[in-house]
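Peer 1: Numbering (this note's numbering), first residue to last: 1 to 362.
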Ligand code: 13P
Ligand code: SF4
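Rendered as structure tokens:
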């Protein structure tokens with residue numbers, strides 16, 4: 001991957017920044033807002049060169065930010081990979097805490113910053129180190145796979161990490177290695193959807209864990225995925241009725257959904273995949289129109305990227321955590337070198353192995 005982020009002199013002027021943003025976002029972001037945001041984007045793009053910083057932007061960033069300041073954009077998996085290939089001294093992660101932590105684990109000597117301190121995630125909040133240790137005791141020998149949407153301390157307790165882009169590949173790898181039970185944490189719906197892809201049984205971990213019958217629901221001789229009980233607070237809101245109504249109103253539209261949605265929703269859509277998977281689909285597959293069941297900002301970002309594609313803006317669901325990352329906060333982050341991700345050395349060391357194993361699986 002080229003890592004040519006340019007010099008301070010290469011930074012586009014305010015007028016040039018505005019012109020580029022207008023070309024990309026005219027019709028998506030109101031003109032008066034673009035003028036304000038272009039000024040911020042100009043200052044960020046100049047300062048990031050002065051600081052030898054690289055900006056990574058998740059696909060859910062709001063359109064004016066997404067299309068103006070990141071050096072690289074992508075899903076969790078792509079951005080993790082990219083973070084290992086940069087020569088920048090500072091990584092600014094325009095995404096949420098667990099993503100920035102993953103970048104820190106992969107780059108312990110670099111300064112990794114997140115523009116908003118409290119950009120969390122309902123999945124990462126929903127599981128603790130003690131929960132993972134208890135599950136390991138209950139299912140001895142079963143490998144633990146943690147979704148990338150977990151904090152580093154939880155990853156440090158696991159054997160493999162995965163994202164929505166490679167959960168099937170990681171679980172298939174473990175089943176092929178001879179494991180018939182895999183603990184998959186913490187997203188219940190991603191666990192169920194991935195188990196279904198592999199024709200394995202989904203078995204909910206007992207609740208509460210104490211005094212539990214761990215064999216309840218396990219069919220001898222069948223592969224099983226032991227899951228936890230938390231969900232994405234955004235994707236769990238999409239319902240089967242939503243899909244049915246969308247089909248009635250837009251019969252020619254292709255509906256794409258993120259695998260953090262309920263399995264019944266997934267059964268009714270045309271394509272399921274990570275945010276990158278959905279983008280690639282829209283880039284490569286011609287359809288009269290497309291509907292995304294995922295965080296709202298992404299439909300705007302896709303519409304700006306592919307003006308020849310018709311996006312139906314079917315939702316108003318935004319992730320309140322992703323939403324905390326703004327151009328204003330990104331500028332403060334660069335000016336004040338805040339908020340630095342700090343992790344204990346032993347967590348960095350132990351979380352590295354599951355992340356490296358994930359990155360090694362294609
Ligand atoms: P992706 O890895 O597909 O980008 O998803 C991250 C996420 O948080 C989805 O809600
Ligand atoms: Fe977490 Fe859901 Fe927000 Fe993604 S959309 S960061 S899974 S709360």
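Here a beta-carbon is modelled for each residue, glycine too, at the ideal position from N, C-alpha and C.
As the structure is a computational prediction, the values presented were derived from the model and not from experiment.
Quick one: give me the first and last residue of the beta strand (DSSP E) that residue 72 is part of.
Peer 2: Run containing residue 72: 72-74, per the beta strand (DSSP E) assignment.
Peer 1: So what's residue 60 in DSSP terms, helix, strand or just coil?
Peer 2: In this structure, residue 60 counts as coil in the three-state DSSP scheme.
Peer 1: Which of the three DSSP states is assigned to residue 154 in this structure?
Peer 2: Here residue 154 sits in helix by DSSP.
Peer 1: Under DSSP, the alpha helix (DSSP H) around residue 146 begins and ends at which residues?
Peer 2: Careful: residue 146 lies outside any alpha helix (DSSP H), inside the beta strand (DSSP E) at 144-147.
Peer 1: On a CA-only basis, which of 139, 338, 117 is nearest residue 209? Give me that one, please.
Peer 2: It is 139 whose Cα lies nearest to the Cα of residue 209.
Peer 1: With a Cβ-Cβ cutoff of 9 angstroms, do residue 164 and residue 275 count as a contact?
Peer 2: Contact: yes.
Peer 1: Residue 183 bridges to which residues according to DSSP?
Peer 2: Note: residue 183 sits in a beta bridge opposite 144, 226.
Peer 1: What residues sit near the ligand 13P, counting only those whose C-beta is closer than 5 angstroms to one of its heavy atoms, in chain order?
Peer 2: Counting every residue whose Cβ lies closer than 5 angstroms to a heavy atom of the ligand 13P, we get 75, 76, 163, 164, 274, 275.
Peer 1: Fully enclosed by the stretch 66-103, which alpha helix (DSSP H) runs are 4 residues long or longer?
Peer 2: With a minimum length of 4 residues, the continuous alpha helix (DSSP H) runs that stay inside the stretch 66-103 are 76-83.
Peer 1: Residues in its own chain within less than 6 angstroms of residue 156 by CB, not counting five upstream and five downstream?
Peer 2: Only 347, 350, 351 meet the Cβ criterion.
Peer 1: Based on Cα-Cα distance, which residue from 36, 17, 105 lies nearest to residue 341?
Peer 2: Residue 105 is the option with its Cα nearest to residue 341.
Peer 1: Would you kindly work out how many angstroms separate the C-alpha atoms of residue 186 and residue 158, rounded to a whole number?
Peer 2: C-alpha separation (whole angstroms): 12 angstroms.
Peer 1: In angstroms with no decimal places, state the Cα-to-Cα distance between residue 345 and residue 154.
Peer 2: Taking the straight line from one Cα to the other gives about 14 angstroms.
Peer 1: Keeping to the same chain, check which residues put their C-beta closer than 8 angstroms to that of residue 318; ignore five residues upstream and five downstream.
Peer 2: Closer than 8 angstroms at Cβ, skipping near neighbours: 234, 295, 296, 297.
Peer 1: My output table needs one value for residue 326: the three-state DSSP class, helix, strand or coil.
Peer 2: Coil, per DSSP.
Peer 1: Near residue 28, what residues of its chain come up, given a Cβ to Cβ distance below 7 angstroms and the 5 sequence neighbours on each side ignored?
Peer 2: Excluding residues within five positions, the ones whose Cβ falls inside 7 angstroms are 63, 300, 303, 304.
Peer 1: Suppose you measure from the CA of residue 327 to the CA of residue 242; what does that come to, to the nearest Å?
Peer 2: One C-alpha to the other measures close to 32 angstroms.
Peer 1: Using 9 angstroms as the threshold, is the C-beta distance between residue 322 and residue 178 below it?
Peer 2: Cβ distance not < 9 angstroms, so residue 322 and residue 178 don't count as in contact.
Peer 1: Tell whether a beta-carbon distance below 9 angstroms holds between residue 273 and residue 280.
Peer 2: In this structure, residue 280 lies closer than 9 angstroms to residue 273 by Cβ.
Peer 1: For the structure I just gave you, are there three or more beta carbon pairs, one from the stretch 44-57 and one from the stretch 277-291, closer than 8 angstroms?
Peer 2: No: fewer than three Cβ pairs fall under 8 angstroms.
Peer 1: Under 9 angstroms, do residue 220 and residue 212 count as touching if we go by C-beta distance?
Peer 2: In this structure, residue 212 does not lie closer than 9 angstroms to residue 220 by Cβ.
Peer 1: Cβ of residue 262 versus every heavy atom of the ligand SF4: is any distance shorter than 8 angstroms?
Peer 2: No, the Cβ of residue 262 stays beyond 8 angstroms of every heavy atom of the ligand SF4.
Peer 1: So is residue 192 buried or exposed if we call it buried at 16+ other beta carbons inside 10 Å?
Peer 2: Classification of residue 192: buried, given that the 10 Å Cβ count is 16 or more.
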